[in-house]
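Read through the structure below, which is laid out as structure tokens, and then see the notes.
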Amino acid sequence: MTAMSTISKRDRMLLMILAGIVVFIGLYLGVYNRFVSMRDTVLAEIDEMTPRLETLREYAANQAKYQAEIEAAKTVIDTLRAEFPREVRPEDLIMLSTQLEDDVGMTIGTVSFAKPVAVLEFNNVVEKEAGSYQTAPVTAWNKAMSLSCTLTYPQLKETVRYLYSLPLATTLEAVSVSYDSSTGELFGSMSVNKYYMTGIDDAYQETQIPPVSQGTPNIFGSITTE
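The numbering used here puts the sequence shown at residues 1 to 226.
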């Protein structure tokens, strides 16, 4: 007779109940541990995100203040950017030298230009649409002009004032002059810097060049009109 046959019906029922309880406990513990692990993960994420949530709440509470400061900063940036054209061409520098002669009164002998030099690179924040921004690379350039000139001391002081009063970014980089005792004037050279930025949306504004007379069709005076 086998060992199973010696187990009574009542014992078999108890064993089956005990086996069910063991299976139930195993399943319960497995599911419970999984949910406990998930709960711990969620709680850890909540703890990690709580400081961020507080920061966002603070941002939201001060949104009107931040927006006003952003608009003020944009106004300052737009004002400063207006001083930097998209490009500086030789004709712009030539006309500047002409303006110095006309407005200051100096006499300019020679003018030479240097190649543009990059002086600064940065990312500009551009608003594409309401609430949408992206960055765009911008490069600031320096284009130098050297000129030889003859002028008086008052004209030298006026040159400094004149250059720094121009609406577009202009600086007087260097001055080297000597006194001419025979004329009482100063002669020497100056280096003037003009600045511009590439990577901005502004269009190049062409320099207004006045018309220049190119001669007369009647060079010998042989044609008369009534």
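All C-beta atoms, glycine included, are put in the ideal place defined by N, C-alpha and C.
> Going straight from the alpha carbon of residue 80 to that of residue 168, what length do you get?
Replying inline: The C-alpha of residue 80 lies about 10 angstroms from the C-alpha of residue 168.
>> Excluding the 5 residues flanking residue 105 on each side, which residues of the same chain have their C-beta closer than 6 angstroms to its C-beta?
In response: 155
> Three-state secondary structure (DSSP) at residue 188?
Replying inline: Strand.
> Got a sec? Which residues, its chain only, sit under 8 angstroms from residue 141 by beta carbon, not counting five neighbours each side?
Replying inline: Counting only Cβ-Cβ distances below 8 angstroms, and skipping sequence neighbours, we find 88, 116, 117, 118, 119, 195, 196, 197, 198.
>> Does residue 261 come out as helix, strand or coil in the three-state DSSP assignment?
In response: Residue 261 falls outside the range modelled here, since the chain spans only 1 to 226, and no answer is possible.
> Under three-state DSSP, which class holds residue 121?
Replying inline: strand
> Quick one: what's got a C-beta closer than 7 angstroms to residue 225's C-beta in the same chain, skipping five residues either side?
Replying inline: Low confidence applies here, because residue 225 scores a pLDDT of 43, under 50, leaving its location unreliable and the question unanswered by this model.
>> Across the stretch 62-71 and the stretch 133-148, are there enough close Cβ pairs to call them in contact, namely three or more that are closer than 8 angstroms?
In response: no
> Beta carbon of residue 159, beta carbon of residue 185: below 8 angstroms?
Replying inline: no
> Helix, strand or coil: which one does DSSP assign to residue 62?
Replying inline: Secondary structure at residue 62: coil, using DSSP grouped into helix, strand and coil.
> Alpha carbon to alpha carbon, what distance is there between residue 47 and residue 171?
Replying inline: 55 angstroms
> What residue does the alpha helix (DSSP H) around residue 97 start on, and which one ends it?
Replying inline: 90-99
>> Taking the alpha carbon of residue 93 as the reference point, which residue from 111, 176, 78 has its own alpha carbon closest?
In response: 111
> What is the rounded straight-line gap between the Cα of residue 200 and the Cα of residue 63?
Replying inline: Each residue's CA atom was taken as its position, placing residue 200 and residue 63 some 28 angstroms apart.
>> Once DSSP output is grouped into helix, strand and coil, what is the label at residue 145?
In response: strand
> What does residue 36 pair with, by DSSP beta-bridge criteria?
Replying inline: According to DSSP, residue 36 bridges with nothing at all.
> With a CB to CB cut of under 6 angstroms and the five nearest residues on each side skipped, what residues in its chain are close to residue 148?
Replying inline: 109, 110, 189
>> Comparing C-alpha positions only, which one of 34, 124, 56, 175 sits nearest to residue 77?
In response: 124
> Which one of 180, 72, 150, 191 has the shortest CA to CA distance from residue 101?
Replying inline: 150
> If we count the other Cβ atoms within 10 Å of its Cβ and call it buried at 16 or more, is residue 84 buried or exposed?
Replying inline: Answer is buried; the Cβ neighbour count reaches 16.
> CB-CB under 8 angstroms to residue 14, same chain, minus the five flanking residues each way: which ones, in chain order?
Replying inline: Taking residue 14 as the centre and dropping the five residues before and after it, the same chain places no C-beta closer than 8 angstroms to its C-beta.
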